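> Just dropping this structure here.
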Amino acid sequence: MSRPIEEKLLFEKDHPGRVGASVPPSDVPEVDPRTLFGDMVRGAAPAFLPEMSEVDVVRHFTRLSTYNYAVDFGLYPLGSCTMKYNPKINEEVARLEGFARLHPLQPESTTQGALELMATLQNALCAITGMDACTLQPAAGAHGEFTGVQLIRAYLENQGDARKVMLIPDSAHGTNPASAHFSGYAVEQIQSGPDGCVDLEALKARMKPDVAAIMLTVPNTLGIFEKNIAQICRILHANGSQVYVDGANLNALMGITRPGDWGADVMHINLHKTFSTPHGGGGPGAGPVACKAHLEPYLPRPVLAKKEGRYLWDRDRPKSIGKVLGFNGNFLVLVRALCYIETMGADGLKRASELAVLNANYMRSKLRPLLELGFDGPTLHEVVFCDKGLPGGVTTLDLAKRLIDYGFHPPTVYFPLIVHGALMIEPTETEPREEMDRFVEAVAAIVKEAEENPAYVKAAPHNAYRRRLDEVAAARNPRLTYKP
Amino acid sequence: MRYLPASEEDIRQMLGAIGAERVSDLFASIPEDLRLKGPLDLPEAVAEPVLRERFVTRSIRNSSPTCRPCFLGAGAYDHYAPAPIDQLLMRAEFYTAYTPYQPEMAQGTLQAIFEFQTMMADLTGMDVSNASLYDGASSVAEAALMAHRIHRGSTVLVARSVHPAYREVLRTYTKHLGFTIAEVPYGADGRLDLAALKGALNPDVCLVLAGQPNFFGVVEDLKAVAGALEGDKKPLLGAVVAEALSLALIEPPGACGADMVCGEARSFGLPLGYGGPYLGFISTRQAHMRQLPGRIVGETVDADNRRGFVLTLTTREQHIRREKATSNICSNEGLCMLAATIYLASMGRKGLRDLALQNLSKAEYLKAALRAKGIQPLFGAPTFNEFAVRVPSAEKATDAAYKADLLGGYDLGREYPELEGGYLLCATERVSKLACDRLAALLGGLS
Chain W
161 MSRPIEEKLL
171 FEKDHPGRVG
181 ASVPPSDVPE
191 VDPRTLFGDM
201 VRGAAPAFLP
211 EMSEVDVVRH
221 FTRLSTYNYA
231 VDFGLYPLGS
241 CTMKYNPKIN
251 EEVARLEGFA
261 RLHPLQPEST
271 TQGALELMAT
281 LQNALCAITG
291 MDACTLQPAA
301 GAHGEFTGVQ
311 LIRAYLENQG
321 DARKVMLIPD
331 SAHGTNPASA
341 HFSGYAVEQI
351 QSGPDGCVDL
361 EALKARMKPD
371 VAAIMLTVPN
381 TLGIFEKNIA
391 QICRILHANG
401 SQVYVDGANL
411 NALMGITRPG
421 DWGADVMHIN
431 LHKTFSTPHG
441 GGGPGAGPVA
451 CKAHLEPYLP
461 RPVLAKKEGR
471 YLWDRDRPKS
481 IGKVLGFNGN
491 FLVLVRALCY
501 IETMGADGLK
511 RASELAVLNA
521 NYMRSKLRPL
531 LELGFDGPTL
541 HEVVFCDKGL
551 PGGVTTLDLA
561 KRLIDYGFHP
571 PTVYFPLIVH
581 GALMIEPTET
591 EPREEMDRFV
601 EAVAAIVKEA
611 EENPAYVKAA
621 PHNAYRRRLD
631 EVAAARNPRL
641 TYKP
Chain H
9 MRYLPASEED
19 IRQMLGAIGA
29 ERVSDLFASI
39 PEDLRLKGPL
49 DLPEAVAEPV
59 LRERFVTRSI
69 RNSSPTCRPC
79 FLGAGAYDHY
89 APAPIDQLLM
99 RAEFYTAYTP
109 YQPEMAQGTL
119 QAIFEFQTMM
129 ADLTGMDVSN
139 ASLYDGASSV
149 AEAALMAHRI
159 HRGSTVLVAR
169 SVHPAYREVL
179 RTYTKHLGFT
189 IAEVPYGADG
199 RLDLAALKGA
209 LNPDVCLVLA
219 GQPNFFGVVE
229 DLKAVAGALE
239 GDKKPLLGAV
249 VAEALSLALI
259 EPPGACGADM
269 VCGEARSFGL
279 PLGYGGPYLG
289 FISTRQAHMR
299 QLPGRIVGET
309 VDADNRRGFV
319 LTLTTREQHI
329 RREKATSNIC
339 SNEGLCMLAA
349 TIYLASMGRK
359 GLRDLALQNL
369 SKAEYLKAAL
379 RAKGIQPLFG
389 APTFNEFAVR
399 VPSAEKATDA
409 AYKADLLGGY
419 DLGREYPELE
429 GGYLLCATER
439 VSKLACDRLA
449 ALLGGLS
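Chains W and H, in that order, are what the protein sequence lines are. Residues in the first sequence are numbered consecutively from 161, following the numbering used here. Residues in the second sequence are numbered consecutively from 9, following the numbering used here.
Right, dumping it as structure tokens:
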């Protein structure tokens, strides 16, 4: 296909009289809703539910799909997003009817297979993280953060004082401060030292009775392992405080080192990052929380239990923080994650982390002659460059947009905030070397273009389905629904 | 390992480029005493054919509505999803893409979100909708946080007839934020008790939440609820829609005076999936759009003045505002939103109404069949595709149904001690008249 077809909106394709799905004939008498509901009957039919044939619908969404970039096309090097390959067998098993059509409130006697699967996943996550207990209820990473912070809060409250302050480094994801805030904590930012790690002396000086916990991403968003993590845990614990680990970057660590062994109290795990479940264009994910035994009584209820060889939901959990999701977690995401873990096995997971770090360091070494590092120091699964030295007044954004023309999804840009014009690159272990080489060649070509014809780079993308979109106008005059 | 492309030769060459000898050298920044000494305590890798069998075995150790007509609803309804939905979701361009942060190469996802927002706003009778939340329960909690930002009051009045799990999640989310969560009782007919609501109002009430239909399947007189709210500091009215299919038949909350509509749209083309992933949503009036949580897509133009779509109003979000964001949500339920968009386009306005009508008719048939066997409804108010009855024992009812190869209803006594013997039954298009008759005969025969 030379040029993608310009696909209209669904509402512009409305063709009254067409049907796109068959409603089965009814075998019971039809009821007149007016006699039942009176003036609570819907008056006007929804104008914006289009009438289309199945063919129209399939073509519409197939055309839309061609405007997207995806992991199955190529390198998707978004730092801290872990855009690894999404295995096809995972998709297949998650669609088995015995999982997909299971009602969340069925009696446990009718869901033993699902419960065994969840218990197996919980045990695997505890083994990988070095933790004692686990809940699969949170639906995403930020949801897991919220759950984990609530556990800390409930525990501290039970000790007599919930305390007031959550310490969060300036390199953290925005979800960390937001999750702490919605748990009723004041957020206090701690500055990274010149090596990109937590400044121990400053941390020690801050140890007062108001500190509830610290939230640390390890390795952090610069890809740097927090080398003093064990000492940090001891400092916090000596102060009666807790340690939360954001597991967003767990992909660097599987089988190599475990947060539970460092002394961390609680962490969340992004199954849609480390454990290969697809990102789906913005979810669904899953954000299980693993914790040490002292936090276990506070886990969201119900908790999976086993009695006389049968699994069941234990609802009698008086200290529980309560439910965080309506039902049992994003179960079909959990199915995929366990399928991945069992595919990889203990050695495969370790190998995945090793190769993720190898790939990131390979890209780092190949890109170093072209771009300037944000922090100079050993990095693990991702590397952050800055915009210093980009020629011709070209910015990080320009470079990112020009990469689109070369057929790549850009890296994470302008994050972490502590690096000027950050370009954060995480190739993951599933990238072949030649794909990374192709990316490096594209960056080299763009840097050269920036020297010779910066205006062209600044106007990129040129070959995408759309050129640069006016985000300022979108926010100034929001049009959030279709108006004919 | 088939997901790991690096050959020994690749590894050697990459290490050469890095200037390292061994892969383990790359982990030198991790202190030696923190390294795991042995292997992870996990089983060995399993080959794909063997693993597939293992998952099939796990799946058939469950008994799903595939072989047992399902009368269990309570927030999760067994509807059919047309085949194109899953086929289209399987397009890698959708399911292996990230959040559309680079709009020039994510117009497919962005346009679909814009279409979803439009359809959800239309269905709920509101001006705007967001791009999804985790599920119905968390959408109620987000609605409360949102109402507090708009109104400033800290008391939420939630109908006791709102889904019990939704109310629990609401309490979890607001526990440490200085909220007061108070329940409004239901009346003898199963509808929200208006007199009790009026009595509970005070200037600190920022939000009144009513189910539509409520947890008992009862259709609320939402206009009367809206009419009961008055004064300068009158609270917002939020409708909680746990069964989105009802929107095709029941007057949309926006036309009844609601200020926000939140709930669960899983019925639109998504599997029951033992509880997730589901599809929370929230829609509201234009005036409140800047207080919405989560992702929102807006229309704009590109440098050539062609129509395009972008994530917008992002200054509400955590990656910009950090602790001052309207929510901590980041990953949401993108692919579920896409499923719903495809579903709604497939059904169309007529198909969705026909389906809703059939659900209503099935439930009314079941209700009548039960009545004929001496099983009476618990409440007198009209219901949609779900209703409560009184049985001698909910536990016995469920056991008896299971023995007859049916998935029975929900034991109301579990969360409502005052409704001991109350049994919630739902009938969707997927249960036959025959199955309804069998259930009625069976429950009528219980003692």
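Quick reminder that beta carbons are idealized off the backbone N, C-alpha and C, glycines included. Computed from a predicted structure; not experimentally measured.
Express the C-alpha separation of H/D267 and H/N210 in angstroms, rounding to a whole number.
Their Cα atoms are separated by approximately 18 Å.
> Going along the chain, which residues of the region 33-59 of chain H sit with their C-beta nearer than 7 Å to a C-beta in chain W?
Within the region 33-59 of chain H, the residues whose Cβ lies closer than 7 Å to some Cβ of chain W are L34, F35, A36, S37, I38, P39, L42, R43, L44, P47, L48, D49, L50, P51, E52, A53, V54, E56, L59, listed in chain order.
> Which two residues bound the contiguous alpha helix (DSSP H) that contains H/G235?
Its alpha helix (DSSP H) spans residues 230-235.
> Can you pull the DSSP bridge partners for W/A620?
Per DSSP, none; premise fails for W/A620.
> For H/L454, decide whether its Cβ has a neighbour in chain W, counting only Cβ atoms nearer than 8 Å.
Chain W contact via Cβ: absent.
> Determine which residues of the region 458-490 of chain W have a Cβ less than 8 Å from any Cβ of chain H, and write them out in chain order.
Correct list: P460, I481, G482, K483, V484, L485, G486, F487, N488, G489, N490.
> Just how far apart, CA to CA, sit W/M161 and W/A204?
Residue placement at W/M161 cannot be trusted, given a pLDDT of 46 that sits under 50; what the coordinates show is reported in the next sentence. Answer to the nearest angstrom: the Cα atoms are 42 Å apart.
> Examine chain W for any beta-carbon lying closer than 8 Å to the beta-carbon of H/S401, and answer yes or no.
It does not; no Cβ of chain W falls within 8 Å.
> Determine whether the Cβ of H/Y424 lies closer than 8 Å to any Cβ atom of chain W.
Judged by the 8 Å Cβ criterion, H/Y424 is not in contact with chain W.
> I need the DSSP call for W/M584, collapsed to helix, strand or coil.
Here W/M584 sits in strand by DSSP.
> Leaving out five residues on either side along the sequence, give the residues of the same chain with a beta carbon under 7 Å from the beta carbon of H/R315.
So the list reads E307, V309, once near-sequence residues are dropped.
> At 4 residues or longer, what runs of the alpha helix (DSSP H) sit wholly inside the region 222-303 of chain W?
The region 222-303 of chain W contains these whole alpha helix (DSSP H) runs: 248-254, 257-260, 272-289.
> Alpha carbon to alpha carbon, what distance is there between W/T437 and H/A173?
The alpha-carbon atoms of H/A173 and W/T437 are separated by roughly 27 Å.
> Does DSSP put W/Q319 in a helix, in a strand, or in coil?
It is helical.
> Of the residues that make up the region 497-514 of chain W, which ones have a beta carbon closer than 8 Å to any beta carbon in chain H?
Listed by position, the residues of the region 497-514 of chain W near chain H (Cβ gap below 8 Å) are C499, I501, E502, T503, M504, G505, A506, D507, G508, L509, K510, R511, A512, E514.
> May I ask which residues mark the beginning and end of the alpha helix (DSSP H) holding H/F102?
Per DSSP, H/F102 belongs to the alpha helix (DSSP H) from 100-103.
> So who's on the other strand from H/D445, going by DSSP bridges?
According to DSSP, H/D445 bridges with nothing at all.
> When the Cβ atoms of the region 168-186 of chain H are set against those of the region 482-489 of chain W, are three or more pairs found closer than 8 Å?
Because the criterion of three Cβ pairs below 8 Å is met, the region 168-186 of chain H and the region 482-489 of chain W touch.
> Whole angstroms are fine: how far does the CA of W/M367 sit from the CA of W/A338?
Roughly 22 Å separates the two Cα atoms.
> Just the C-alpha distance for W/D321 and W/G482, rounded to the nearest angstrom, thanks.
The straight-line gap from Cα to Cα measures roughly 19 Å.
> What in chain H is Cβ-close to W/G258, meaning under 7 Å?
Chain H residues near W/G258: S67, I68, N70, S72.
> Just confirm the distance between the C-beta atoms of W/M375 and W/A332, as a whole number of angstroms; I'd bet it's less than 8 Å.
About 7 Å separates the two Cβ atoms, so the contact holds.
> Look at the Cβ atom of H/Y106, then the Cβ atom of H/N340, and state whether they are nearer than 8 Å.
No, these two residues do not count as a Cβ contact at 8 Å.
> Spell out a yes or no on whether the region 67-76 of chain H and the region 501-520 of chain W are touching, meaning 3 or more CB-CB pairs, one atom from each, closer than 8 Å.
The answer is no - the region 501-520 of chain W does not touch the region 67-76 of chain H, with fewer than three Cβ pairs under 8 Å.
> Quick check on H/V136: does DSSP put it in helix, strand or coil?
Three-state DSSP puts H/V136 in a strand.
> How is H/R398 classed by DSSP in three states: helix, strand or coil?
H/R398: strand per DSSP, three-state reduction.
> Give the residues from the region 242-256 of chain W that approach chain H closer than 9 Å (Cβ to any Cβ), ordered along the chain.
Listed in sequence order: M243, K244, Y245, N246, P247, I249, E251, E252, V253, A254, R255, L256.
> Would you verify that the beta carbon of W/K526 is, or is not, closer than 8 Å to some beta carbon of chain H?
Chain H, which has a Cβ nearer than 8 Å to the Cβ of W/K526, makes this yes.
> Distance, Cα to Cα, H/R324 vs H/L300?
Using only the alpha carbons, I get a separation of about 8 Å.
> By how many angstroms is the C-alpha of H/Q119 removed from the C-alpha of W/R626?
W/R626 and H/Q119: Cα-Cα distance of roughly 12 Å.
> Let's test the definition: count the other Cβ atoms within 10 Å of the Cβ of W/I310 and tell me whether it reaches 16, buried, or not, exposed.
The question names Ile, yet the displayed sequence has Gln at residue 310 of chain W. Label assigned to W/Q310: buried.
> Which residues in the same chain as H/R438 place their Cβ atom closer than 8 Å to its Cβ, once the five residues preceding and following it in sequence are excluded?
So the list reads P73, P77, C78, D86, H87, Y88, once near-sequence residues are dropped.
> Spatial neighbours of W/N289 within its chain, please: C-beta separation below 8 Å, excluding the five flanking residues on both sides.
One point to set straight first is that residue 289 of chain W is Thr, not Asn, in the sequence displayed. So the qualifying residues of the chain are G407, L410, R418, P419, G420, M427, I429, A450.
> Pick helix, strand or coil for H/P385, following the three-state DSSP scheme.
It is a strand residue.
> Consult DSSP for W/Y522 and reduce its assignment to one of helix, strand or coil.
In the structure shown, W/Y522 sits in a helix (DSSP, three-state: H, G or I).
> Which of the residues in the region 272-306 of chain H, read from start to end, lie with their CB under 8 Å from any CB of chain W?
Those residues of the region 272-306 of chain H that come within reach of chain W (Cβ to Cβ, closer than 8 Å) are E272, P279, L280, G281, Y282, G283, G284, P285, Y286, M297, R303, I304, V305, G306.
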